[in-house]
Amino acid sequence: MQPAPQNPDEFESVKKLLALKRHEEPPPGYFDRLPGEVRARIAHAQANPEPWWRRLMEAWNLSPQMATGYAAMACVLVLGGFWLTSQPGPQSGQQLVTTPPPLATTNQADLVNPSNTSPTGLFNTPSLQVQPAEFKKRSE
Amino acid sequence: MAEASAANPASADAPAQPDDLTLVRRAQGGDEAAYDELVRRYQRQIYGVIYHMTSHHEDANDLTQEAFVKAWQALKSFKGDSAFFTWLYRIAVNRTLNHIKQRNFRATKHAMSLNDLDIEADHHPDLVALVSDKTPRRALALEELKEKLNAAMQRLSENHRIVVTLHDIQGLPHDEIAKVLGCNTATVRTRLFYARQQLQGILSDYLK
């Protein structure tokens, strides 16, 4: 959203107040010492390079809280992975899944006509053993 | 703090002095004296922007040094696509914003070094106009105004505060601020408008 067109004098007083902050100065002699302190700090940084994780954090612009969160999440995932792999598998322990019972208990030789090599069910329906139905007369 | 030449401080220097790019090339070749000169050239501006963002001298000192160290370490990657000044400002501003985020900066926890206001400021015509000489408790009012001003700055969001700092305090033009912050000029103008509006509301008692 764009602001409404500004009146040039609208914020004149605010700008004057803010301009006063230009007069805020560090302690006397500060700027004479600063280049030397920077040089010393550069020398120190060259002698003691930052650890890799700190450089990584800076490169990714991570705050310590975020980095801790990510690290905790990674630990949980790794530990969870170990826990899952250490669990007994279905083959080694108690058999959880039983083999399904055979679909048909009838002898295949009885069902398929040996003279015909075509697959069962296409041209020759297997002869299923069907029990004749019994009808009972209802006694009035 | 001399901020007027912040947009192009090199132009204010004596003509005999080498320009930024020459110094940068020398520093890239390992010339520490050349980098020293760059530090001297920009230390006031860099310290200024950090100080106005944090309102805390110790933090500003630490972050200023850090910014110059980081700039030295990254100097090899400086290709000259932007001005060295803009590149350096970007490093300083990013580090300051990160610092503020990381520490969850709260103005009330930090003693504001308002006593560091230089003597000249007390006689600044704008300040004299705002706090009349005839006020019996002028000194007290002056201190109160300074505190109120810094507290008001701290109440702004970082994005608004940095724009006000760079424009209204340091005198950078909108397009230069846009380059430093990596946004467009319209965004800078919008943020500046809302920041001033907020400041006007906070400081309304002093602006009557």
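Chains as they are written, first to last, in this note's numbering: chain A, 3 to 142; chain B, 300 to 507.
Using N, Cα and C, we set each Cβ at its ideal position, and we do this for glycine too.
Because the structure is a prediction, the values reported are computed rather than measured.
Under the three-state DSSP convention, the category residue i falls into
| i | result |
| --- | --- |
| Glu52 of chain A | coil |
| Ala12 of chain A | The sequence given here has Glu at residue 12 of chain A, not Ala. Glu12 of chain A: coil per DSSP, three-state reduction. |
| Glu365 of chain B | helix |
| Glu136 of chain A | coil |
| Glu27 of chain A | coil |
| Leu58 of chain A | helix |
| Ser354 of chain B | coil |
| Ala332 of chain B | helix |
| Phe84 of chain A | helix |
| Phe383 of chain B | helix |
| Ala69 of chain A | helix |
| Gly500 of chain B | helix |
Cα-Cα separation, residue i to residue j
| i | j | result |
| --- | --- | --- |
| Leu320 of chain B | Leu19 of chain A | 36 Å |
| Gln344 of chain B | Trp371 of chain B | 17 Å |
| Lys445 of chain B | Lys478 of chain B | 30 Å |
| Arg325 of chain B | Ala333 of chain B | 6 Å |
| Thr385 of chain B | Asn483 of chain B | 15 Å |
| Gln89 of chain A | Val80 of chain A | 15 Å |
| Ala315 of chain B | Arg339 of chain B | 16 Å |
| Gln453 of chain B | Gly481 of chain B | 22 Å |
| Cys346 of chain B | Thr363 of chain B | Cys is not the amino acid found at residue 346 of chain B; the sequence shown has Tyr there. If I take the Cα positions, the gap works out to 6 Å. |
| Gly470 of chain B | Ala485 of chain B | 17 Å |
| Ile390 of chain B | Ile461 of chain B | 13 Å |
Contact with chain A by residue i, beta-carbon distance below 9 Å
| i | result |
| --- | --- |
| Ile399 of chain B | no |
| Leu413 of chain B | Legend: pLDDT at Leu413 of chain B = 41, less than 50; position of this residue unreliable, no value from coordinates given. |
| His355 of chain B | no |
| Thr395 of chain B | no |
| Leu471 of chain B | no |
| Lys445 of chain B | yes |
| Asp474 of chain B | no |
| Met352 of chain B | no |
| Asp319 of chain B | no |
| Ala294 of chain B | Nothing about residue 294 of chain B can be read from this structure; chain B reaches only from 300 to 507. |
Within-9 Å CB hit, residue i to chain B
| i | result |
| --- | --- |
| Pro37 of chain A | yes |
| Tyr32 of chain A | yes |
| Pro90 of chain A | no |
| Val80 of chain A | no |
| Ala47 of chain A | yes |
Proximity test, residue i beta-carbon vs the ligand ZN heavy atom, cut-off 8 Å
| i | result |
| --- | --- |
| Ala45 of chain A | As presented, the structure is devoid of all ligands, the ligand ZN included, so that no description of it is given. |
Contact list for residue i against chain A, beta-carbon separation under 8 Å
| i | result |
| --- | --- |
| Val463 of chain B | Leu20 |
| Val479 of chain B | Correct list: empty, because the minimum Cβ distance to chain A is about 17 Å. |
Neighbouring residues, chain B, relative to residue i (Cβ below 7 Å)
| i | result |
| --- | --- |
| Arg43 of chain A | Gln364 and Val368 |
| Phe13 of chain A | Arg495 and Gln499 |
Partner residues on chain B for residue i, Cβ-Cβ distance less than 8 Å
| i | result |
| --- | --- |
| Pro53 of chain A | Going along chain B, no residue has its Cβ under 8 Å from Pro53 of chain A, so there is no contact; the nearest lies around 15 Å. |
Within chain A, partners of residue i - CB distance below 7 Å
| i | result |
| --- | --- |
| His459 of chain B | Those within 7 Å of His459 of chain B in chain A number zero; the least Cβ separation is about 12 Å. |
| Arg339 of chain B | Pro37 |
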